[in-house]
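Working notes for the structure below.
Protein chains in written order, with my numbering: chain A, 2 to 531; chain B, 39 to 573.
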């Protein structure tokens, strides 16, 4: 390693270590407690493997978990590693977007990304905290490396890399698109690229993406044929070209309005503070651009590609908040990189002031989220214990994997602990158990899970999960005892109330949400009648 | 070595601040990453704090900093990090104000002995006032520093305003103000930096500003009473008249010595040894080194009396004696340490250094013991609450969506289950029950998505209380003869003490709990008589 290279490394190491220390303090409550989300129960107990994501075509998602942690979800280490990767991601973004290479600018840039409360979206499910941060970092690294040269070797690296990134968490490609366009805008404004060069680079990039998509489609086809994919999943639904075209005007509009979407903990103050830098940055760049029309077109394209996940997904309503993260992150990073380049002292002072206000708000919100998640988790575990006790005390209950369970609703305890008008039913505020895993979660600490088949009932749907696949296919298992049916119906219409549990020799039925119960109990009776 | 100029902050104060803060974070690390709270904190934890939340006890500026820094939220870890930073700042400012020579070792010892004292835990008991209490302490020092040097009208007016805000923040801080001011005057007189005349003038300047600040405080209280209809009959609102204050002086002087000498069971006898030693040592040094011995003795008495100001002013200081006493002891310790750490003879310096290290070791050990004890006592109570709540769900008539009036007869004495420094049976604001007498019903459902509690009944001081709370449903209606009969039957024939199954009564309107046999037997008649009113 040359002397210059060593100096460069030391330059990046300093902001890395400082940011890691600061983020360690800000996330310390979460770091030294241990709570998790409603998909994490089994993963906490058992380890992940490479195939764990196949059912939703996430073939490379768990690669980093398997590589670094042998598939285990480990307290402190998972979050620490994730934070380290996010900081690395921020440094790579800063390099890619040519943030001025001084300690202060890098610290502002990195802390903005790593302390952003939006990040909690990805700490809710502990099992994907590491994959999401790893692959996000890979996406940025790929962009940075593949633009170094037009050599075929880099092109191939990009194609393979984006293919693997697609197989980890497809919406993160929004970050790739957004950062790519951001770089084009920056280079155009700074006269480092003209339109012809931008188009050429765009073609190169799109060809890599196309290659990645071809690979992804082939894998998807194979997995569907091998019956390894749950094709009914909301996150696999893609729009047809016709649908994309039909929705494009809405997507273009939303590419602008997205900056004013408040979410739980990310209220209008948050939106306004961040919109300020975006509007200021594009205004400054507008003044510098040689051809204003081309510049405006580039900015519009930047905003539109930040909605990449929404353009393609047919079920974006199911995961709006987390899908929006990637594109919005790229756009704000772009804006910040413009502002940090300003040389006038009064602008620098304003940016510093904005940074202090914004980071203070971020830190306060980060702790607030940790408090709500912790108290909600603790309350949820207490509630679980009560329900489990009700089942265990039933005179005929046996701790054997023989029951079919039906659960009406789930209880989001976290909402109890914050007073927020922008409540969004997304990851930060989800319940601790998922509607189709409640009983297995209740008996998580037992050696045996008493259910063979679990059904969660919510939103007029029955969500099935077969724990024992043979039982699921065994018709005889579904033959009901008429006596049970009479008892179940009597209980459903005469005795069931909030938090009540029905147990006989074959069924466990729980009412965790009264609204869901009243709306959906006839679904259950219809199902049983079949 | 004395440093001067801009570099003093960069080279001396800032590194000291960071070091102290880091050490405090290590000493209080168990508390930092856990999350427990006191019996006033249940609602603020969920609903946050508004700046006006202190108005009911005339604390109009108490929550200013919590609202400004934390948007009124009580946030785990962060509020302790901020509190410890403020504590480090407070100790650093105190050292500077008390003219401690600018020696890093002395400053660090001073800060750590004050900040790691086990008495500090009283600040962390009620989490909703941790930040205010420490912050207003720091404001006091800043205000005192401001009022030093050349006096001007502007400074005087600013001081008056500042004191008005301090009195509206956490009034017992006043003991700290008067003690540390007195201490500084003694030090400056002893070191011949000020004459008696100058000290009297300083005292007049400050005293008049304080008096006028007090007048403004009373005026604000009057406005709050007259126009907002607030009731200031609380124990912490009543002040003694001037005549009563004068009458109390001899008693308080005696009480000061008694408090110093008396063993604080929860702080350990070594703490008493520490406070007695530094007080005797410093008072002796003051008298020995002063040019005028008579003035010195008067100064020492004045210092002790200054530490009792909160007790002199408050008519009911005994209610929160331990918490009020913290600021008095903080001030006295600060003054005593700044005098002792200024010793010139090498042998005395070595002795003080050695004793300080030993004391620090003991303090830190006690701190961890307190953290452990508070943690498991908190968890103990929460488990108890959980067991009681679980019983409710077994009752066929219990409906989580219902509307109940709750009443618990008694509450276990958890303090007798815990032990600190080999002692049990204490009651103060380091280890206290996590609920107030009327709050059990509300707290039992604190973890639930909905609460069925509409009204809180309490038996306290041989009286029956109905406690309403805006956060409850407040739609409870009692209508019934049947309820009275069933309840009386339970009260007089069926009830047994918890954990018996018959310890809990639930119908569609009432949740009643018999948690203490003798309390129940003494007070069940109160409920019967209350029910008669509804017939």
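Note that CB positions come from ideal geometry on N, CA and C, so glycine has one too.
Since we're looking at a predicted model, the values are computed, not measured.
- The beta carbons of residue 41 (chain A) and residue 77 (chain A) sit no closer together than 8 Å.
- At a C-beta separation below 7 Å, residue 293 (chain B) has no neighbours in chain A, since its nearest C-beta there lies roughly 41 Å away.
- For residue 424 (chain B), the residues of chain A that pass the 9 Å Cβ criterion are 383, 386, 387, in the order they occur in the chain.
- For the region 70-95 of chain B, the set of residues with a beta-carbon nearer than 9 Å to any beta-carbon of chain A comprises 70, 71, 72, 73, 83, 84, 85, 86, in chain order.
- By the Cβ neighbour-count rule, residue 337 (chain B) is buried, with 16 or more other Cβ atoms within 10 Å of its own.
- At a cut-off of 8 Å between beta carbons, residue 420 (chain A) contacts chain B.
- A direct Cα-to-Cα measurement between residue 399 (chain A) and residue 453 (chain A) gives close to 13 Å.
- Between residue 329 (chain B) and residue 230 (chain B), the C-beta spacing is below 8 Å.
- If the five residues before and after residue 467 (chain B) are omitted, its C-beta is found closer than 6 Å to the C-beta atoms of 160, 163, 360, 361, all from its own chain and listed in chain order.
- Apart from sequence neighbours up to five positions away, the residues of its chain that approach residue 169 (chain B) with a beta-carbon distance below 8 Å are 103, 104, 107, 108, 117, 120, 121, 124, ordered along the chain.
- Residue 431 (chain B) reaches chain A at 387, 500, counting residues in chain order whose Cβ is nearer than 7 Å.
- Annotation for residue 444 (chain B): the continuous beta strand (DSSP E) segment containing it runs 442-447.
- When the Cα atoms are used, residue 83 (chain A) and residue 38 (chain A) turn out to be separated by approximately 16 Å.
- Within the region 432-457 of chain B, the residues whose Cβ lies closer than 8 Å to some Cβ of chain A are 437, 438, 439, listed in chain order.
- Closest in alpha carbon position to residue 515 (chain A), among A:385, A:412, A:331, is A:412.
- Against chain A, a Cβ distance below 7 Å from residue 109 (chain B) picks out 365.
- Restricting attention to alpha helix (DSSP H) runs no shorter than 4 residues, the region 257-340 of chain A encloses them at 269-289, 293-306, 309-313, 321-340, ordered along the chain.
- With fewer than 16 other CB atoms across the displayed protein chains lying within 10 angstroms of its CB, residue 455 (chain B) is exposed.
- Interface annotation, residue 369 (chain A): in contact with chain B, CB-CB separation under 8 Å.
- It is roughly 10 Å from the alpha-carbon of residue 369 (chain B) to the alpha-carbon of residue 212 (chain B).
- Distance check between residue 43 (chain A) and each of A:308, A:152, A:441 places A:441 closest, using alpha-carbon atoms only.
- Cβ neighbours of residue 68 (chain B) within its own chain (closer than 6 Å, five residues either side excluded): 409.
- Look at residue 503 (chain B) here: in three-state DSSP terms it is strand.
- Buried is the label assigned to residue 129 (chain B), since at least 16 other Cβ atoms lie within 10 Å of its Cβ.
- Residue pairing by DSSP places residue 43 (chain A) opposite no residue, since no beta bridge is assigned to it.
- The alpha-carbon of residue 287 (chain A) is positioned some 35 Å away from that of residue 21 (chain A).
- Boundaries of the alpha helix (DSSP H) around residue 326 (chain B): 307-327.
- Nearest to residue 528 (chain A) by alpha-carbon distance, out of A:407, A:434, A:513, is A:407.
- Assigned with DSSP and collapsed to three states, residue 171 (chain B) falls in helix.
- Residue 299 (chain B) counts as exposed, since fewer than 16 other beta carbons sit within 10 angstroms of its beta carbon.
- Residue 119 (chain A) and residue 305 (chain B) have their C-alpha atoms some 44 Å from each other.
- Note on geometry: alpha-carbon atoms of residue 62 (chain A) and residue 456 (chain A) lie some 27 Å from one another.
- In the structure shown, the three-state DSSP call for residue 156 (chain A) is helix.
- Residue 551 (chain B) sits buried, since 16 or more C-beta atoms from the chains shown fall within 10 Å of its C-beta.
- Annotation: residue 528 (chain B) to residue 429 (chain B) spans about 17 Å, alpha carbon to alpha carbon.
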